[in-house]
Amino acid sequence: MNYIVQPGDTLYSIANRYGVTVQALLQANNMSAPGNLFAGQTIFIPRPPGPFPPGPFPPGPGPGPGRQLEQRVTRLEAETERLQRRLQRTDNELDRLEQRVNRLEDRVRRLEGR
Numbered sequence: 003m004n005y006i007v008q009p010g011d012t013l014y015s016i017a018n019r020y021g022v023t024v025q026a027l028l029q030a031n032n033m034s035a036p037g038n039l040f041a042g043q044t045i046f047i048p049r050p051p052g053p054f055p056p057g058p059f060p061p062g063p064g065p066g067p068g069r070q071l072e073q074r075v076t077r078l079e080a081e082t083e084r085l086q087r088r089l090q091r092t093d094n095e096l097d098r099l100e101q102r103v104n105r106l107e108d109r110v111r112r113l114e115g116r
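Residue numbers (the numbering used here): 3 to 116.
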């Protein structure tokens with residue numbers, strides 16, 4: 003199914019909403035990094051894996067508090083990494099803009115000095 007990315011969406015939030023993994027979304031959309039997502043972009047949501055066939059043992063209890071905490075930590079780490087990459091891109095863009103402004107200021111000074 004196709005999905006149009008909304009402002010504030012992350013691959014993690016989309017994956018969580020549709021019951022798929024971030025890795026599955028990355029692969030289904032030929033994306034190399036989670037930070038390559040933007041509002042208005044159409045992405046493909048693969049079907050979540052079906053239920054597992056019954057095994058010889060009854061299903062165990064669901065994730066306990068320790069497992070839930072581990073999942074939250076994993077999500078927060080992924081979000082932190084995404085934000086760090088975004089910040090780095092922003093810093094790089096600011097550096098380029100600063101260099102451009104400096105070159106323009108130098109050019110204006112030279113022109114005023116004529």
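Note that CB positions come from ideal geometry on N, CA and C, so glycine has one too.
- I16: not part of any beta strand (DSSP E); member of the alpha helix (DSSP H) spanning 13-20, first to last residue.
- When DSSP states are grouped into helix, strand and coil, N4 belongs to the strand group.
- Contact between Y14 and I45 is absent: CB atoms are separated by about 13 Å, not below the 8 Å threshold.
- Pairwise C-beta distances place the segment 33-41 in contact with the segment 82-91, as three or more of them are shorter than 8 Å.
- Taken through DSSP and simplified to helix, strand or coil, T44 comes out as strand.
- By the criterion of a C-beta distance shorter than 6 Å, A26 is surrounded in its chain by P48, once the five residues flanking it on both sides are discounted.
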